[in-house]
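As structure tokens, the structure follows; a few thoughts come after it.
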Amino acid sequence: MPHPARLAEFIDSRSPQQLREMLHELVAELPQVARYVKDREMALTEGPSALLSALRQEIDKICDGDSYWDAHNREWNLPGFGRVHSLLEDLIAAGGADEVADLGEDLIQRFSQVVAECHWDDNLSYELRPGVELVVAAVKKSSWSPEERLIWALDIVLDDEYGLAEPVGDYLRGRHSRKSWNVAAEHLLDRLADLSQARSDKDNAGSWRRRNLVRFVVDALERAGRVNEITALLEEEAVDHGHWDLLIDHLMAAGRYADVEDRIAKCLPEMTASLPGVAARFRGILREIKARAKDWATVAVMETFEFTESPCVERYRSTMKAASKVKCWEAVRRTLLIHLQTGTPPWSHPDWPLAQPPAMLRTGRRRSGSAYPDYRTLIDLAIDERDPEQVLIWYDRLKAGRGMSGVADEHVAEAVRDHAPERAVEIWQTLALREINHTTPTAYKVAGRYLLKVKQTMTKVGLNEEWGRYLATVREAHRRKRRLLDVLDGLE
18 MPHPARLAEF
28 IDSRSPQQLR
38 EMLHELVAEL
48 PQVARYVKDR
58 EMALTEGPSA
68 LLSALRQEID
78 KICDGDSYWD
88 AHNREWNLPG
98 FGRVHSLLED
108 LIAAGGADEV
118 ADLGEDLIQR
128 FSQVVAECHW
138 DDNLSYELRP
148 GVELVVAAVK
158 KSSWSPEERL
168 IWALDIVLDD
178 EYGLAEPVGD
188 YLRGRHSRKS
198 WNVAAEHLLD
208 RLADLSQARS
218 DKDNAGSWRR
228 RNLVRFVVDA
238 LERAGRVNEI
248 TALLEEEAVD
258 HGHWDLLIDH
268 LMAAGRYADV
278 EDRIAKCLPE
288 MTASLPGVAA
298 RFRGILREIK
308 ARAKDWATVA
318 VMETFEFTES
328 PCVERYRSTM
338 KAASKVKCWE
348 AVRRTLLIHL
358 QTGTPPWSHP
368 DWPLAQPPAM
378 LRTGRRRSGS
388 AYPDYRTLID
398 LAIDERDPEQ
408 VLIWYDRLKA
418 GRGMSGVADE
428 HVAEAVRDHA
438 PERAVEIWQT
448 LALREINHTT
458 PTAYKVAGRY
468 LLKVKQTMTK
478 VGLNEEWGRY
488 LATVREAHRR
498 KRRLLDVLDG
508 LE
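Mapping of the sequence shown onto my numbering: residues 18 to 509, in sequence order.
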């Protein structure tokens, strides 16, 4: 495509007659150019009302189709929005900003219907963006009051389900007076009251809508300088609708840590029973508060509780870090290991060196269905502590019981390869055979990676001949699997 500057230079060099001839040719050959010229004539001769009528007709034509599926050609046909955008521009330029602003909400709703119909096209929202930007530009130029503009923008963003309102959100993030935000806050509070009367927040979607609206109300109150009203609003939301996290986050941001502890104590049992993910987040907030206060003994107790809820290496390390600050890690560690073997809570053991976990942590607790002994976690901890002998002890006890997944077996082999190379070789051989028995090219490649580890480990300890005999045995046992033999050739 020619560079725009060169095209501009060419056009500027033509005479008026030549340009007229070129335009006549374009109108004759290209329907979209003919429509553009017709719209420009309409703007100049008939004024905003004619443009508005044409715009409505174009919107109806695009948005009121039964479907965009072309059954004959078996393909989706995306509607074109170029003329809508050009008519919007012409209407604004002709002094019709108020008309575009009045039409804006309906236009964005119609755009949303198109997106819902054409859900298969990920780029559609991007293609519709220029139209939304033009509506925002019209609202800014309109005769509406600043408060009316702000309320319009808030309603558009709150009702947006398809990401079309991003340009409107940009407008909201601009500068608006406290007076405007005060009026907007009242409007949003009315919306919240209407939502309560409709009792439309009982399902997940309704609850999300309410939470989103509450966030906007809080933001509007802050911008209006009515910060003292926020806590009471969020207290009511927490008690009546269960949105405790909004209240907790607000209190945390304000540094009201004592109030945070009090509110979490009130709601944590209920959250633990109904929303365990939220409850875990609240427990994390409590630990953060105690850490800020350098109450490491309580932090260690709470970290221990979290370990029993979700035993893993990371939780183990967090508990070690906190308990070490109060010089009781070894005693805590013993109770953790006993817990993993028996299921007994660490704080129930006679050697437990700290206080009991707060009652609010244990009330409403939904205990996991983990079986004990938890050899998987015991193995992970022994690997993390680089204790290969203990790794093998837990591994052998597990294998004597209920077996283990291949991924964990591989971790064990890696952990003990220097301490007990013969055991590592045994594990990798077992894993390789398991993959070979799947009889797929992909599985053969995985088996090859395990066999390479066998080779490396055996040759490292001087078992070159034994490796050769083992490889020959595998080759003979599976001599009909040509894809596997190709993999084995790479191990020679």
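Ideal Cβ placement from N, Cα and C applies to all residues, glycine included. It should be emphasised that the depicted structure is a prediction, and the values quoted were computed from it without experimental measurement.
DSSP-derived helix/strand/coil call for residue i
i	result
Asp1	In this structure the chain extends from 18 to 509, so residue 1 is not present and cannot be described.
His356	helix
Leu508	coil
Arg31	coil
Glu164	helix
Leu371	coil
Pro293	helix
Asn481	helix
Leu209	helix
Arg434	coil
His89	coil
Asp312	coil
Ala270	helix
His204	helix
Arg496	coil
Tyr487	helix
His41	helix
His455	coil
Arg232	helix
Ser327	coil
Ala449	helix
Thr474	helix
Arg243	coil
Pro362	coil
Asp279	helix
Tyr389	coil
Cys345	coil
Ala111	coil
Residue from the options with nearest C-alpha to residue i
i	options	result
Leu357	Arg334, Leu145, Asp391, Ile168	Asp391
His436	Lys477, Arg228, Leu68, Asp123	Lys477
Val244	Val256, His260, Ala270, Trp225	Ala270
Thr289	Pro438, Arg334, Glu326	Glu326
Ser194	Ser213, Glu178, Ala237, Trp225	Ala237
Arg232	Asp211, His260, Val256	His260
Ser162	Asp115, Asp368, Gln473, Thr359	Asp115
Asp413	Arg403, Ile444, Asp401	Ile444
Pro184	Asp176, Ala170, Leu488	Ala170
Asp207	Leu181, Ile168, Gly191	Ile168
Val433	Gln407, Ala449, Ala417, Ala372	Gln407
Glu331	Ser30, Gln126, Glu402	Glu402
Arg440	Gly418, Thr456, Ser159, Lys470	Lys470
Arg127	Ile109, Ala110, Ile79	Ile79
Glu122	Leu212, Ala155, Ala449	Ala155
Thr474	Thr456, Arg499, Glu431	Glu431
Arg304	Pro328, Ile247, Ala275	Ala275
Ala71	Arg31, Val117, Ser32, Ser30	Val117
Glu323	Glu482, Leu353, Leu480	Leu353
Asp404	Ala417, Val429, Ala425	Val429
Leu145	His102, Asn229, Leu43	His102
Delimiting residues of the alpha helix (DSSP H) encompassing residue i
i	result
His258	247-258
Asp126	Just to set this straight, residue 126 is Gln in the shown sequence, not Asp. Here the alpha helix (DSSP H) through Gln126 covers 114-134.
Phe98	First-last for Phe98: undefined, no H or E at that position.
Arg334	330-342
Ser70	65-80
Pro147	141-158
Arg379	376-379
Buried versus exposed, by CB contacts within 10 Å (16 or more), residue i
i	result
Glu320	buried
His267	buried
Val149	buried
Gly465	buried
Leu120	buried
Tyr389	exposed
Leu378	buried
Lys315	In the sequence as displayed, the identity of residue 315 is Thr instead of Lys. Buried, since its Cβ has 16 or more Cβ neighbours within 10 Å.
Gly112	exposed
Trp411	buried
Ile265	buried
Leu24	exposed
Glu46	exposed
Glu452	buried
Ordered list of alpha helix (DSSP H) runs contained in the stretch 162-200, each at least 4 residues: Correct list: 163-176, 183-189.
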